[in-house]
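Visitor: One structure, pasted below without further comment.
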Amino acid sequence: MAVFSRGFGARRRESDARLPPGQYITEDFPVLSAGPTPKIDTDKWSFAIRTEADMVTTWTWDQFMALPIEDVATDIHCVTRWSKLGTSWRGVSLDTLLDHVETDADFTMVHSYGGYTTNVPMADLRGGRAWVAFEFEGDPLDPEHGGPARLLVPHLYFWKSAKWVRGLTLMARDEPGFWEQNGYNMHGDPWTEERYW
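Residue numbers for the sequence shown follow UniProt numbering, beginning at 1 and rising by one.
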């Protein structure tokens with residue numbers, strides 16, 4: 001049985017050019033999870049990319065932290081209709097990670113500690129559009145928000161920014177992840193309201 005945290009509600013839409021249709025601004029950072037919060041120590045954390053040829057590249061926390069780190073300022077948008085504007089993150093670009101593997105894959109399945117999955121097209125992870133983030137607003141990422149590291153794909157609804165991320169499987173064909181199997185859109189663009197099937 002899945003456990004859903006509070007916050008799956010709607011509020012009125014506010015007027016701001018940075019808001020996608022149907023969204024409202026929040027000043028806090030709602031915690032929304034489809035299950036319990038896993039506790040992952042950084043000495044046990046790793047991130048792996050498995051290619052469509054079944055080749056695996058893995059980084060430990062120390063190896064990951066030795067990669068080029070970027071500061072990211074962005075707005076984030078949840079499918080439950082809240083948007084948080086002007087957020088600040090630090091992380092490693094997916095471009096950096098994907099440059100370590102050989103692939104012709106067009107799609108990925110994102111895997112999290114705790115079993116969560118979500119599909120993201122490769123085009124949405126490349127070109128400076130996605131990161132594995134480990135800091136939020138200058139502090140280490142809290143476990144409730146996906147710490148020690150989460151995927152950050154801010155141009156898509158936030159369910160695509162998988163918490164507690166542990167890796168990617170690269171795929172030739174698109175397949176649904178957890179929420180996509182349960183009625184959410186396969187892509188999740190907030191500007192075109194790709195919320196559900």
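Note that beta-carbon positions come from the ideal geometry of N, C-alpha and C, so glycine has one too.
Let's test the definition: count the other Cβ atoms within 10 Å of the Cβ of R11 and tell me whether it reaches 16, buried, or not, exposed.
Guide: On the sequence shown, residue 11 is found 11 positions in, with the first residue counted as 1. Reliability of the predicted coordinates at R11 is poor, the pLDDT of 44 falling under 50, and the value obtained from them is presented with this limitation in mind. R11 comes out exposed.
Visitor: Between the beta-carbon of T74 and the beta-carbon of T87, is there less than 8 Å?
Guide: As a working note, residue 74 is residue 74 in the sequence shown. As a working note, residue 87 is residue 87 in the sequence shown. Contact: yes.
Visitor: Taking the straight line between their C-alpha atoms, what separation do you get for P38 and K160?
Guide: As a working mapping, residue 38 is identified with position 38 in the sequence shown. As a working mapping, residue 160 is identified with position 160 in the sequence shown. Spanning the two alpha carbons is a distance of roughly 18 Å.
Visitor: Which one of F134, F64 and P143 has the shortest CA to CA distance from F47?
Guide: For the purposes of this step, residue 47 is taken as the residue at position 47 of the sequence shown. Taking only the C-alpha atoms, the option nearest F47 is F64.
Visitor: Around the C-beta of P190, are 16 or more other C-beta atoms found within 10 angstroms, so that it is buried, or is it exposed?
Guide: As a working note, residue 190 is residue 190 in the sequence shown. Answer is buried; the Cβ neighbour count reaches 16.
Visitor: How about W164 and I40: are their beta carbons less than 8 Å apart?
Guide: Taking the first residue of the sequence shown as 1, we reach residue 164 at position 164. Taking the first residue of the sequence shown as 1, we reach residue 40 at position 40. Taking 8 Å as the Cβ cut-off, W164 and I40 qualify as a contacting pair.
Visitor: Just curious, the alpha helix (DSSP H) that M65 is in, first and last residue?
Guide: As a first step, residue 65 is located in the sequence shown; it is residue number 65 there, counting from the start. Residues W61 to M65.
Visitor: I need the straight-line Cα distance from G7 to Q23, nearest angstrom please.
Guide: Here residue 7 refers to the residue found at position 7 of the sequence shown. Here residue 23 refers to the residue found at position 23 of the sequence shown. At G7 the pLDDT is 46, less than 50, meaning the model places this residue with poor confidence and gives no usable figure here.
Visitor: Which of the three DSSP states is assigned to T87 in this structure?
Guide: In the sequence shown, residue 87 corresponds to position 87, counting from 1. It is a strand residue.
Visitor: Going by C-alpha to C-alpha distance, which of L152, M55 and L125 sits closest to V101?
Guide: Counting from one through the sequence shown, the residue named residue 101 turns up at place 101. When each option's Cα is compared against that of V101, the closest is M55.
Visitor: Could you spell out where the alpha helix (DSSP H) holding E180 opens and where it closes?
Guide: Here residue 180 is taken as the residue at index 180 of the sequence shown, counted from 1. Segment F178 to Q181, the alpha helix (DSSP H) holding E180.
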